[in-house]
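Next up, the structure:
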């Protein structure tokens with residue numbers, strides 16, 4: 001302890017005001033406070049020296065961190081930094097409630113995200129945001145996912161930006177596929193849907209070229225992933241309009257691209273919200289509506305079957321037959 005004090009005294013003498021200003025500023029930015037009299041005694045300087053330090057620190061904060069101000073707490077007789085915030089408590093609450101609602105992140109990752117978002121909120125409002133989140137966080141149950149989801153998203157983001165080729169092993173849940181299969185491809189884009197993050201990848205060697213690029217769920221990759229040295233620019237003829245693909249994608253890009261028509265008896269906006277690009281083309285006397293749009297067949301089936309007796313597929317015939325087959329199999333399960 002004595003050695004530490006001696007080292008501190010040496011630094012103060014050697015660097016003088018420079019050391020003092022840096023230490024006091026870092027102390028304030030870390031959420032601590034300092035008393036004028038105690039600082040004068042600690043650094044062995046007069047009151048005017050600390051006042052000049054405060055003037056310079058205020059100048060620095062005003063230039064580089066305008067959302068933070070040095071204020072004097074009259075009651076406790078200390079100086080502290082007040083964070084005016086870059087976003088409001090309502091904006092922070094909106095973001096965090098949405099992230100919690102996805103159930104995509106592990107508890108530890110969610111707590112880290114909460115901490116980072118709260119750093120943008122003023123110190124005076126942080127406690128109220130925490131209070132409003134406490135009940136939700138206390139009963140937070142994520143989907144079964146990896147503990148390193150943020151790290152995985154960061155890795156894929158870098159590969160996308162650099163057009164890198166990667167070699168990866170993927171654990172698929174699709175019927176008829178190998179449980180663990182190795183692929184080589186270039187990540188194109190990331191997106192989120194219903195509790196999971198997905199990455200669109202253009203595969204170098206794909207037997208079904210119509211299904212290329214493919215969509216993979218990020219938490220099903222085996223890490224670490226091997227990054228190839230060279231980058232790859234996807235041929236123009238193979239490039240896709242990512243916005244259009246995502247508009248037609250419900251959960252997974254699987255199956256054929258179909259133009260569908262169905263009659264819908266539930267609340268119409270539910271269908272329009274879940275199926276981007278869809279539109280109401282007719283309203284029936286019984287209150288139902290006719291909706292048309294474009295989607296990948298497997299994604300269409302996932303949503304259609306979830307609507308029960310509130311939806312009837314009118315076309316195409318291939319989709320009608322597939323829905324009938326799936327429903328028949330479901331009924332047979334109850335007849336056994």
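Residue numbers (the UniProt record's numbering): 1 to 336. Note that CB positions come from ideal geometry on N, CA and C, so glycine has one too. These figures come from a predicted structure and were not determined experimentally.
Roughly how many angstroms separate the alpha carbons of residue i and residue j, rounded to a whole number?
i	j	result
residue 251	residue 218	Its pLDDT being 49, under 50, residue 251 is placed unreliably in this model, and the coordinates cannot settle the point.
residue 161	residue 145	25 Å
residue 191	residue 215	10 Å
residue 20	residue 65	19 Å
residue 69	residue 282	59 Å
residue 271	residue 136	28 Å
residue 107	residue 147	9 Å
residue 33	residue 56	17 Å
residue 71	residue 82	7 Å
residue 60	residue 199	42 Å
residue 341	residue 328	Because the chain here runs from 1 to 336, residue 341 falls outside it and cannot be looked at.
residue 268	residue 93	29 Å
residue 23	residue 184	51 Å
residue 274	residue 58	50 Å
residue 333	residue 326	11 Å
residue 226	residue 112	28 Å
residue 276	residue 295	9 Å
residue 321	residue 195	30 Å
residue 41	residue 25	17 Å
residue 338	residue 158	Nothing in the structure corresponds to residue 338, since the chain is present only between 1 and 336.
residue 193	residue 37	57 Å
residue 170	residue 280	39 Å
residue 212	residue 156	18 Å
residue 312	residue 172	31 Å
residue 121	residue 163	36 Å
residue 139	residue 98	15 Å
residue 18	residue 31	21 Å
residue 220	residue 123	39 Å
Mind checking whether residue i and residue j have CB atoms under 8 Å apart?
i	j	result
residue 186	residue 165	yes
residue 260	residue 315	yes
residue 28	residue 75	no
residue 258	residue 301	no
residue 188	residue 197	no
residue 77	residue 119	no
residue 149	residue 84	no
residue 95	residue 117	yes
residue 222	residue 168	yes
Just mark residue i as buried or exposed, buried being the case when its beta carbon has 16 or more other beta carbons within 10 Å.
i	result
residue 278	buried
residue 73	exposed
residue 180	exposed
residue 53	buried
residue 143	exposed
residue 141	exposed
residue 224	exposed
residue 317	exposed
residue 125	buried
residue 306	exposed
residue 39	buried
residue 205	exposed
Assuming residue i contacts residue j (C-beta within less than 8 Å), just tell me the rounded distance between them.
i	j	result
residue 304	residue 331	No, residue 304 and residue 331 are not in contact; Cβ-Cβ is about 16 Å, not under 8 Å.
residue 310	residue 265	5 Å
residue 133	residue 114	7 Å
Considering only heavy atoms of the ligand HEM, does any lie closer than 7 Å to the CB of residue i?
i	result
residue 153	Among the ligands in the structure shown, none appear at all, so the ligand HEM cannot be discussed.
*Three or more beta-carbon pairs under 8 Å between the region 84-95 and the region 124-143, yes or no?*
Contact between the region 84-95 and the region 124-143 is present, because at least three Cβ pairs lie under 8 Å.
*Are there three or more Cβ pairs, one per stretch, closer than 8 Å when the region 65-76 is compared with the region 90-110?*
Result no; under three Cβ-Cβ pairs closer than 8 Å.
*Do the region 223-236 and the region 283-291 make contact, defined as three or more Cβ pairs closer than 8 Å?*
Because the criterion of three Cβ pairs below 8 Å is not met, the region 223-236 and the region 283-291 do not touch.
*If you pair each beta-carbon of the region 31-51 with each one of the region 103-118, do three or more pairs fall below 8 Å?*
Result no; under three Cβ-Cβ pairs closer than 8 Å.
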